[in-house]
Amino acid sequence: MPAYQFTAIDALGKQQKGVLEGDSARQIRQQLREKSLIPISVDPVEHKTKQQGSRWFQKKITAYDLALFTRQLSVLVAAAIPLEEALRAVAKQSEKAHVQQLIVSVRSKVLEGHSLANALQQSGRFPELYRATIAAGERSGHLDLILEQLADYTENRFAMQKKIQGAMIYPIILMLMSFAIVMGLMTYVVPDIVKTFDQNKDALPWITVALMKASAFIRVAWPFLIITTVLGIVFLLRFLKSTAGHYAFDRLTLKLPLFGKLSRGINAARFASTLSILTKSGVPLVDALRIGAAVSNNWVIRDSVDLAAEKVTEGGNLATQLERSGYFPPMMVQMIKSGEASGELDRMLERAAAMQDREVTTLISTLLALLEPLMLVLMASIVLVIVIAVMLPIVNMNNMI
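Structure (structure tokens):
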């Protein structure tokens, strides 16, 4: 039974929006009139979704929405509730209109005879890893177990994402405040203090002269500096979105001392988690490798995994190919080698993923803990330079007296 999104006016003149199921738009209008609502517009959910998909401001399903949807669906399916009824219950439970509309659209496809994985693919809003895992669960007949594993996976990913975002709030605020304070000092405070030294610049220390010139430049050119900075950021983002820019940035990231290690650790953890859940779900290893490569945000590592998948297709060893790439930790490679030898690759991948998650969490916590004092030291150094530049002439004048 297709779903329709409606807009109607109630008895108090307020606008009401929602989603109803019916055989036709006419039947939906009749249902609205029976509820004392005056229908304004009734459109098929699929049509509305396609219209919104063509807009650049289309609302996407967030990591939180995906984790919540997966957990609720896994609980209902594990309770032996039919899939279409479970999807209806999850849609009613959602508080966000665009998520509710998306789930109802998926349910409509399921009622038309499509598999859940096919319905998710047609929506175009779910990750490839998610759809492939659902498809494997449907083929194996253990959709409830697969959904439970997916729920754990999505919740762990969301928790890591929120932890990083929460830890970055303080350093970002500190950086912005430091920039504002320095600009305030250079624009308003420094000129008033050092204007008494304008008459005898020859006797001033070089650091004071440099500070005065920098302050005068900032006061005159600050609009151009802001415009240049904004344009530079825009052009940099456009360059990074291009293929050449993306590869250049990824190569540079891997060569940096700390950020390279962090990038390799994050991508190794994501690859191991993806490969673990896919192989455990019954997805062939080659297909799992290609999906695991697709979820990597570093294109250099992604290409190395694609190459490993080709070698495995030709009969090569997975651990050997990953070791040759040089982007995966030796311990993880050794665990994969042990899993291939013992025939327990999925279990060893799960252990490797857990180990990498712990290492990445520790590394991120260490970097964030170092970032705060480094920002304070940087700000203190800049203020110290300003103070020295202002105080040196005063000290020299006192010595002369």
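Residue numbers for the sequence shown, in our numbering: 349 to 749. We put the CB at the ideal spot given by N, CA and C, even for glycine.
- Task: Could you tell me which residues DSSP pairs with G366 in its beta bridges?
- Result: F354
- Query: Are A617 and L637 touching if we call contact CB-CB under 7 Å?
  - Reply: Against a cut-off of 7 Å, the Cβ pair of L637 and A617 comes out as no contact.
- Contact belief for I684 with L655 at Cβ below 8 Å, rounded distance in angstroms: Going by Cβ atoms, the distance from I684 to L655 rounds to 16 Å, so no, they are not a contact pair.
- Query: Are there 16 or more other CB atoms within 10 angstroms of the CB of K457, so buried, or fewer, so exposed?
  - Reply: Per the 10 Å Cβ criterion, buried.
- Message: In the DSSP output, which residue or residues are listed as bridge partners for P392?
- Response: Y352
- Query: Would the beta-carbon of Y412 fall within 7 Å of that of I376?
  - Reply: no
- Presumed contact (8 Å Cβ cut-off) between G485 and L477, rounded CB distance: That belief does not hold up - the Cβ atoms of G485 and L477 are roughly 13 Å apart, past 8 Å.
- Message: Going by DSSP in three states, P721 sits in which element: helix, strand or coil?
- Response: helix
- Item | For L573 and A558, the rounded distance between their alpha carbons | 18 Å
- So what does P387 bridge to, in DSSP terms? A356
- First through last residue of the alpha helix (DSSP H) which encompasses L533: Per DSSP, L533 belongs to no alpha helix (DSSP H) and is neither H nor E.
- Task: Measure the CB-CB distance between W499 and S621 and report whether it falls below 7 Å.
- Result: Here the sequence assigns Ala to residue 499, which means Trp is not the residue at that position. Result no, Cβ atoms of A499 and S621 do not sit closer than 7 Å.
- Message: Could you tell me which whole alpha helix (DSSP H) segments of length 4 or greater appear in the stretch 663–697?
- Response: 666–673, 678–690
- Query: Going by C-alpha distance, which of L533, N504, I730, K589 is nearest T418?
  - Reply: Of the residues L533, N504, I730, K589, the one whose Cα lies closest to the Cα of T418 is N504.
- Query: Beta-carbon separation of V454 and A467 under 7 Å?
  - Reply: yes
- Should the stretch 645–652 be called in touch with the stretch 690–710, which here means at least 3 C-beta pairs below 8 Å? no
- Query: Rounded to a whole number of angstroms, what is the C-alpha to C-alpha distance between K440 and Q448?
  - Reply: 7 Å
- Expressed to the nearest angstrom, what Euclidean distance is found between the alpha-carbon atoms of R436 and V452? Rounded to the nearest angstrom, the gap between the Cα atoms of R436 and V452 is 7 Å.
- Message: Within 10 Å of its beta-carbon, does S629 have 16 or more other beta-carbons around it, so buried, or fewer, so exposed?
- Response: buried
- Helix, strand or coil: which one does DSSP assign to T397? Caution is warranted here: a pLDDT of 47 is assigned to T397, below 50, making its placement in the model unreliable, and the coordinate value is therefore given only provisionally. T397 falls in the helix class under three-state DSSP.
- Query: Which of helix, strand or coil does DSSP assign to A428?
  - Reply: coil
- By Cβ distance below 6 Å, which residues in the same chain neighbour R612 in space, the five residues on each side in sequence not counted? Y675
- Query: Between which two residues does the alpha helix (DSSP H) containing N615 stretch?
  - Reply: 605–628
- Task: Count the other C-beta atoms from every protein chain shown that fall within 10 angstroms of the C-beta of W404, then say buried if there are 16 or more, exposed otherwise.
- Result: Confidence at W404 is low in this model, with a pLDDT of 38, below 50, so the placement of that residue is unreliable and no value is reported for it.
- Are M696 and S526 close, meaning C-beta to C-beta below 7 Å? no
- Message: Applying the 10 Å Cβ sphere with the 16-neighbour rule, what's the burial state of D598?
- Response: The residue in question, D598, is buried, as its Cβ has 16 or more Cβ neighbours within 10 Å.
- P741 and L552 closer than 7 Å at C-beta: Cβ atoms of P741 and L552: closer than 7 Å.
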